[in-house]
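A.B. asks: The structure under discussion is supplied below as structure tokens; questions concerning it will follow.
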Amino acid sequence: MKAPELNPVLRRELLERWRGPRAAFVLSAYLGVLALLLLGARWIATSYLEQQAVDGWAPVSASGPVLGRFLLENLLAGVLGMVLFVAPGYAAAQLAGERERRTLGLLRITLLTPWRIVLGKLGAASAWSVLLVLVTAPLAATAFVLGGATVGDLVKGLLVVVVVAVAVAAMAIGISARAQRTTGAVVLTYGMVLFLVVGTPLAAFAEFAARDFEMRDGQRPLALYVNPFYALADATGASSGAAFSGGMPSVLSPFALVLPGDDTLDPVGAQPLAGGFGPEAPDAGRPLVWPITLAVHLALGFLALLAATRSLGPRDGLRGT
Numbered sequence: 045m046k047a048p049e050l051n052p053v054l055r056r057e058l059l060e061r062w063r064g065p066r067a068a069f070v071l072s073a074y075l076g077v078l079a080l081l082l083l084g085a086r087w088i089a090t091s092y093l094e095q096q097a098v099d100g101w102a103p104v105s106a107s108g109p110v111l112g113r114f115l116l117e118n119l120l121a122g123v124l125g126m127v128l129f130v131a132p133g134y135a136a137a138q139l140a141g142e143r144e145r146r147t148l149g150l151l152r153i154t155l156l157t158p159w160r161i162v163l164g165k166l167g168a169a170s171a172w173s174v175l176l177v178l179v180t181a182p183l184a185a186t187a188f189v190l191g192g193a194t195v196g197d198l199v200k201g202l203l204v205v206v207v208v209a210v211a212v213a214a215m216a217i218g219i220s221a222r223a224q225r226t227t228g229a230v231v232l233t234y235g236m237v238l239f240l241v242v243g244t245p246l247a248a249f250a251e252f253a254a255r256d257f258e259m260r261d262g263q264r265p266l267a268l269y270v271n272p273f274y275a276l277a278d279a280t281g282a283s284s285g286a287a288f289s290g291g292m293p294s295v296l297s298p299f300a301l302v303l304p305g306d307d308t309l310d311p312v313g314a315q316p317l318a319g320g321f322g323p324e325a326p327d328a329g330r331p332l333v334w335p336i337t338l339a340v341h342l343a344l345g346f347l348a349l350l351a352a353t354r355s356l357g358p359r360d361g362l363r364g365t
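One point on numbering: in our numbering, the residue at position 126 of the sequence shown is 170, and numbering is uninterrupted.
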């Protein structure tokens, strides 16, 4: 049985980007920097936990699980931030760059359908980001040695980051297909990312204020369900970092504070582990956030790809390419 042929657009983009020693060097440098940051985070966390033990907040035996949880949450949050910073810029230049170089018309007169062109560009835009995410798995797995994290936390966290990377790249390609210049496509794309990361908490606060600062029966502002860090906090079971429970605040702790539950919105909503110390466990009865967020991102990405294929369809001819 003949193996399916690799998308020609994707094959060309991958050869241009990954051929030669540059890709291996960038990947090695990325892992080296990430390992140094992980060691630095461990040193900071260890100093913090030692001070907590001196002050009587938590026993020394609880430091391992708390440290493991802290490292996992911050590492995955850092990788997600990298994806949201790197992937959109490269994806936004895919079709707008072809139009600016006057080569988009050459793609459109080939036997490739608009869907194959767009999917090839999407694969090229997201392949590098997905690879960078996957190679961080061994570093994130160091949290298992310390305790406080499970394989499920790591798998769900990586799944959130990968899906967000692909969905944001798809949205960037949708913008790129409509933009006439690469600069405009990049600016609009990073504006979209800024809204996802910063704009959604502001919109959520406005919604929260409109409800007189009361969220009962597990309700939370709808805008938060679009925020990728909110989904990551839920997928990893992030700790709120409450000191009295032996927790340690991480980048995801502010989002963990407002995860939905059965009670009124409470900054101390998560329950500590048995004994009152260690990373906090999410309420088993609360609704999950991360599947909703991923579904929303995938829907937005699909609509963006659909808009991109329509812009490449025969209805518009070859004008502007």
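Yeah, the Cβ is synthetic: ideal placement off N, Cα and C, and Gly gets one too.
On a CA-only basis, which of 348, 207, 120, 153 is nearest residue 223? Give me that one, please.
C.D. replies: Counting from 1 along the sequence shown, the entry for residue 223 is found at position 179. The candidate whose alpha carbon is nearest that of residue 223 is 348.
A.B. asks: Around the Cβ of residue 189, are there at least 16 other Cβ atoms within 10 angstroms (buried) or fewer (exposed)?
C.D. replies: Within the sequence shown, numbered from 1, the residue matching residue 189 stands at position 145. Looking at its Cβ environment, which holds fewer than 16 other Cβ atoms inside 10 Å, residue 189 is exposed.
A.B. asks: Can you tell me which of the three DSSP states residue 220 falls into?
C.D. replies: Along the sequence shown, one-based indexing puts residue 220 at 176. Three-state result, residue 220: helix.
A.B. asks: Need the endpoints of the alpha helix (DSSP H) that residue 151 sits in, please.
C.D. replies: Working through the sequence shown from its first residue, we reach residue 151 at position 107. Its alpha helix (DSSP H) spans residues 148 to 152.
A.B. asks: Would you decide whether residue 142 is buried or exposed? Buried here means 16 or more other CB atoms lie within 10 Å of its CB.
C.D. replies: As a first step, residue 142 is located in the sequence shown; it is residue number 98 there, counting from the start. Under this definition residue 142 is a buried residue.
A.B. asks: Are there three or more Cβ pairs, one per stretch, closer than 8 angstroms when the stretch 177 to 191 is compared with the stretch 129 to 143?
C.D. replies: The answer is no - the stretch 129 to 143 does not touch the stretch 177 to 191, with fewer than three Cβ pairs under 8 angstroms.
A.B. asks: In three-state DSSP terms, what is residue 157?
C.D. replies: Walking along the sequence shown from the start, residue 157 turns up at place 113. Here residue 157 sits in coil by DSSP.
A.B. asks: Could you check which residue in 270, 293, 300 has the C-alpha nearest to that of residue 278?
C.D. replies: Within the sequence shown, residue 278 is the residue found at index 234, counting from 1. With distances taken between Cα atoms, residue 278 lies closest to 300.
A.B. asks: When DSSP labels each residue in this structure, what does residue 294 get in the three-state scheme?
C.D. replies: The residue labelled residue 294 in the question sits at position 250 within the sequence shown. In the structure shown, residue 294 sits in coil (DSSP, three-state: anything other than H, G, I, E or B).
A.B. asks: By a C-beta neighbour count over all protein chains shown, 10 Å radius and 16 as the cutoff for buried, is residue 88 buried or exposed?
C.D. replies: Position 44 of the sequence shown, counting from 1, holds the residue named residue 88. Exposed: under 16 other Cβ atoms inside 10 Å.
A.B. asks: Rounding to the nearest angstrom, what Cα-Cα distance links residue 197 and residue 280 in this structure?
C.D. replies: Here residue 197 refers to the residue found at position 153 when the sequence shown is read from its first residue. Here residue 280 refers to the residue found at position 236 when the sequence shown is read from its first residue. Approximately 4 angstroms between the Cα atoms of the pair.
A.B. asks: Decide if residue 65 is buried, meaning its Cβ has at least 16 other Cβ atoms within 10 Å, or exposed.
C.D. replies: Along the sequence shown, one-based indexing puts residue 65 at 21. Exposed is the call here.
A.B. asks: For residue 216, which residues from the same chain have a beta carbon less than 6 angstroms from its beta carbon, with the 5 sequence-adjacent residues on both sides left out?
C.D. replies: Walking along the sequence shown from the start, residue 216 turns up at place 172. Here the set comprises 132, 135, 136, 233.
A.B. asks: Does the stretch 110 to 126 touch the stretch 146 to 166, meaning 3 or more C-beta pairs lie closer than 8 angstroms?
C.D. replies: No, the stretch 146 to 166 does not touch the stretch 110 to 126.
A.B. asks: Quick one: residues in its chain with C-beta nearer than 8 angstroms to the C-beta of residue 191, no 5 flanking neighbours on either side, listed in chain order?
C.D. replies: Against the sequence shown, residue 191 aligns to sequence position 147. So the list reads 108, 109, 112, once near-sequence residues are dropped.
A.B. asks: Among residues of its own chain, excluding the 5 on either side of residue 124, which ones have a beta-carbon nearer than 8 angstroms to its beta-carbon?
C.D. replies: On the sequence shown, position 80 is the one that residue 124 refers to. Taken in chain order, the residues that qualify are 204, 205, 208, 272, 273, 276.
A.B. asks: By the 10 Å Cβ neighbour count, where 16 or more other Cβ atoms means buried, how is residue 49 classified, buried or exposed?
C.D. replies: As a first step, residue 49 is located in the sequence shown; it is residue number 5 there, counting from the start. It counts as exposed.
A.B. asks: Using DSSP with H/G/I as helix, E/B as strand and the rest coil, what is residue 142?
C.D. replies: Working through the sequence shown from its first residue, we reach residue 142 at position 98. Correct three-state label for residue 142: helix.
A.B. asks: Distance, Cα to Cα, residue 230 vs residue 171?
C.D. replies: Position 186 of the sequence shown, counted from the first residue, corresponds to residue 230. Position 127 of the sequence shown, counted from the first residue, corresponds to residue 171. For residue 230 and residue 171, the distance between alpha carbons rounds to 19 angstroms.
A.B. asks: Would residue 227 be called buried (16 or more neighbouring beta carbons within 10 Å of its own) or exposed?
C.D. replies: The residue given as residue 227 occupies position 183 in the sequence shown. That one is exposed.
A.B. asks: Per DSSP, what kind of secondary structure is residue 394 in: helix, strand or coil?
C.D. replies: Not covered by the structure: residue 394. The range shown for the chain is 45 to 365.
A.B. asks: Please check the pair residue 51 and residue 218, which I expect to be a contact at CB under 8 angstroms, by giving their CB distance rounded to whole angstroms.
C.D. replies: In the sequence shown, the residue the question calls residue 51 occupies position 7. In the sequence shown, the residue the question calls residue 218 occupies position 174. So it is not a contact: roughly 18 angstroms between Cβ atoms.
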